[in-house]
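Residue numbers for the sequence shown, in the numbering used here: 29 to 311. Glycine included, C-beta positions come from ideal geometry on N, C-alpha and C. Data block below; observations after.
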Amino acid sequence: MQTILSNSKITATIAHLGAELISLKNHHNKEYIWEGNPEFWGKHSPVLFPIVGALKNNSYLFNDKEYQLSRHGFAREMNFTLVNSTAETAIFSIQSNPETLQVYPFEFEFQISYTLEDSKISIAYTVINKNKTSMFFSVGAHPAIALPENFESYSLQFEKSEKANYYLLADNLISDKTKELDLNEKSLPLHYELFEKDALIFKNLESNALTILENKKPYLKVVFTDFPSLGIWTVVNAPFVCIEPWLGYADTFQNNGRLEDKEGIIELLADKNFKAQFSLEIL
29 MQTILSNSKI
39 TATIAHLGAE
49 LISLKNHHNK
59 EYIWEGNPEF
69 WGKHSPVLFP
79 IVGALKNNSY
89 LFNDKEYQLS
99 RHGFAREMNF
109 TLVNSTAETA
119 IFSIQSNPET
129 LQVYPFEFEF
139 QISYTLEDSK
149 ISIAYTVINK
159 NKTSMFFSVG
169 AHPAIALPEN
179 FESYSLQFEK
189 SEKANYYLLA
199 DNLISDKTKE
209 LDLNEKSLPL
219 HYELFEKDAL
229 IFKNLESNAL
239 TILENKKPYL
249 KVVFTDFPSL
259 GIWTVVNAPF
269 VCIEPWLGYA
279 DTFQNNGRLE
289 DKEGIIELLA
299 DKNFKAQFSL
309 EIL
């Protein structure tokens, strides 16, 4: 099933599987979300919950019990319920069930809401803790932006001046090795060599926004004020780039396996809610 939102400027299509944004078009019918060609990558804009990235040995410990959880968690593979919708808004929800409790021992509700405003779509994540104790989680976005021109026609403009040190991945885990991007006046020209060793992982950025430029002209802006970490990724020779706001990231090699000690993890107190939002704006 799909839900379509539309106003005079943009149209968004959300699949109920994963509550995933699978299309974002302007009023000229130009597509800004990656088509999901499995030859490169079969997703469009999956949600990452209740973890971001990979766990060491795909497992973690909680209350001295070991659990298995695959990379990026299970929410993207679950069918969401459409809770409420208007022409320009939609709220989707999943809840813990016997299957999730086998791999993630917390009672929760997880909502994703979409709101259109002019040429912008805002995407909000709400985590509701239904336990009488704290729950621990990460959440992140993985939107793939379609790049119809030659890949090297694009660049990324950071909102603020950055040292832009990023962490290198090794076996899907974050190593202690870093590199510094060569930014030219806050701008990063895109080329596939950047991604030969997988994603660029930024644990903390000064910038709260990033603009994709096409031939030096504004193309699409991502605002991620609520998200301290960011991943940037593509597949070599693929015509897209993922700009990924994160709260949390993959395990480091030094991780001790305990969920509550995981670097970047969020602790949500009993019966409390957590909300974070980011936006994509067509320019």
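heavy atom of the ligand NAD below 7 Å from residue i C-beta
| i | result |
| --- | --- |
| E234 | Because no ligand of any kind appears in the structure shown, any question about the ligand NAD cannot be addressed here. |
Residue i classed as buried or exposed, judged by whether at least 16 other C-beta atoms fall within 10 angstroms
| i | result |
| --- | --- |
| D279 | buried |
| H170 | buried |
| M29 | exposed |
| E320 | This structure cannot speak to residue 320, because the chain is shown only from 29 to 311. |
| A47 | buried |
| Q96 | exposed |
| P126 | exposed |
| L184 | buried |
| S87 | exposed |
Same chain, Cβ closer than 7 Å to residue i, five either side skipped, listed in chain order
| i | result |
| --- | --- |
| K191 | E208 |
| N159 | F134, E135 and A298 |
Per-residue DSSP class, three states only, for residue i
| i | result |
| --- | --- |
| S181 | helix |
| Y153 | strand |
| T262 | coil |
| L97 | coil |
| N86 | helix |
| V75 | strand |
| P126 | helix |
| D289 | helix |
| F230 | strand |
| V131 | helix |
| E59 | strand |
Nearest-angstrom Cα separation, counted from residue j out to residue i
| i | j | result |
| --- | --- | --- |
| K244 | S141 | 32 Å |
| E295 | H56 | 44 Å |
| R99 | L287 | 14 Å |
| K231 | T253 | 14 Å |
| H44 | I32 | 11 Å |
| L216 | D92 | 44 Å |
| S189 | L129 | 43 Å |
| G70 | A266 | 12 Å |
| N157 | I229 | 28 Å |
| T143 | E291 | 31 Å |
| V264 | V75 | 22 Å |
| F268 | I240 | 11 Å |
Same chain, Cβ closer than 6 Å to residue i, five either side skipped, listed in chain order
| i | result |
| --- | --- |
| K321 | The requested residue 321 is not part of the displayed model; the chain covers only 29 to 311. |
Neighbourhood of residue i by C-beta, 8 Å cutoff - its chain only, sequence neighbours within 5 removed
| i | result |
| --- | --- |
| S147 | K37, I38, N54, E309, I310 and L311 |
(request) Evaluate the contact criterion for the region 267-282 versus the region 70-90: three or more CB pairs, one atom per stretch, below 8 Å. (result) When C-beta atoms of the region 267-282 are compared with those of the region 70-90, three or more pairs fall below 8 Å, so the two segments count as touching.
(request) Please confirm if the region 173-182 is in contact with the region 217-235, defined as three or more CB-CB distances below 8 Å between the two stretches. (result) Counting Cβ pairs under 8 Å, three or more are found: they touch.
(request) Evaluate the contact criterion for the region 185-205 versus the region 112-132: three or more CB pairs, one atom per stretch, below 8 Å. (result) Taking a cut-off of 8 Å for Cβ pairs, the region 185-205 and the region 112-132 do not touch, as fewer than three such pairs fall below it.
(request) Specify whether the region 147-160 and the region 56-69 touch according to this definition: at least 3 beta carbon pairs, one from each stretch, less than 8 Å apart. (result) No, the region 147-160 does not touch the region 56-69.
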